[in-house]
DNA sequence: TAACTTGTAAGTTTAATTGTTACAGGTGTA
DNA sequence: TACACCTGTAACAATTAAACTTACAAGTTA
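Residue numbers (my numbering), protein chains in the order written: chain A, 60 to 203; chain B, 60 to 203.
Here it is in structure tokens:
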């Protein structure tokens with residue numbers, strides 16, 4: 060299993076807007092060119108990032124712009140915005156444990172809390188990572 | 060995205076063996092009945108758990124037995140044993156960032172370490188959770 | 001108004017997971 | 001040794017989810 064590429068694409072998109080917004084007009088076609096996917100995938104992503112307050116999108120020629128300082132945008136914000144992990148949680152619980160079995164009847168209750176702990180540990184780590192750091196590394200790597 | 064149900068099925072299987080092995084012969088058919096899946100799925104799982112040193116499997120009538128104390132078996136051991144996350148890692152990186160773009164060229168290097176940090180945080184939490192705790196909860200819930 | 005853009009619907013392709021049938025061969029008991 | 005039962009595994013079908021594509025209505029700015 061893997062977390063959807065929507066997450067890494069979203070990180071790429073935000074980094075790209077941060078890197079280019081003062082130099083040129085950033086459109087979905089331009090972003091798609093950098094990421095290497097169809098522009099429609101970008102256009103499906105942008106409203107999610109806009110609704111999360113990370114960037115603004117204009118249908119005119121002005122393009123995409125950041126609305127928040129990237130030191131205030133974490134991996135967790137992006138992960139929530141693009142909804143990589145749905146309500147069912149990170150772990151996919153098998154559907155029908157047998158209620159007539161003492162273990163089948165209780166396994167859900169006995170594991171759910173622990174699975175949530177694991178998911179929360181992952182999310183807490185995501186909260187410590189900012190997009191500003193990513194863009195800083197992109198800038199640094201381009202200077203070398 | 061979600062982590063394969065193989066993981067929660069494996070936890071269920073181990074808990075079941077722990078709960079029943081002193082009472083009755085535990086076979087793949089019995090385990091499949093408790094989990095609610097086809098016996099072949101269980102039979103595909105058992106060799107993985109056996110190779111990880113968690114249990115032993117007999118083709119005769121003696122059934123499946125644990126080979127290690129469950130206080131020494133963690134979620135991480137199970138997760139490694141059933142190979143939920145392959146070499147590519149937890150995050151699915153989009154395949155072709157444009158090398159002609161300063162961001163596309165460097166985004167991989169700028170994010171890989173951070174993505175590994177997130178995955179490692181999840182795995183470290185898994186190392187703190189034992190199957191003994193799960194079985195203890197199953198037993199407790201059946202007494203109530 | 002013209003040129004360009006986003007938002008979104010609808011449908012196709014691709015890949016991964018899950019489920020199934022079938023059977024060869026190992027194991028233990030009588 | 002023979003029988004009943006079990007696992008291991010191959011081969012394949014079904015299902016689901018992700019990724020990609022085409023097409024077009026509607027908004028925006030110069």
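No residue lacks a Cβ here, since even glycine has one placed at the ideal position from N, Cα and C.
C-alpha gap between residue 175/A and residue 83/A, whole angstroms: 43 Å
Under 7 Å, Cβ to Cβ, is there at least one residue of chain A near residue 161/B? yes
Interface residues of chain A around residue 98/B at Cβ under 8 Å? Within chain A, no residue comes near residue 98/B; the closest Cβ sits about 13 Å away, beyond 8 Å.
If you measure from the beta carbon of residue 191/A to each beta carbon in chain B, is any gap under 7 Å? no
Check for me: the beta strand (DSSP E) holding residue 123/A runs from which residue to which? 123 to 125
Could you please give me the residues that DSSP links to residue 114/B through a beta bridge? 125/B
First through last residue of the alpha helix (DSSP H) which encompasses residue 77/A: 64 to 79
Cα-Cα separation, residue 109/A to residue 76/A: 13 Å
Establish whether the CB of residue 60/A and some CB of chain B are separated by less than 7 Å. Annotation note: pLDDT 48 at residue 60/A (below 50); position unreliable, no value reported.
Could you tell me whether the Cβ atoms of residue 88/B and residue 196/A are closer together than 7 Å? no
Expressed to the nearest angstrom, what Euclidean distance is found between the alpha-carbon atoms of residue 113/B and residue 124/B? 9 Å
Listing by chain order, which chain B residues have their CB less than 9 Å from the CB of residue 88/A? The contacting residues do not exist; residue 88/A stays about 12 Å from chain B at best.
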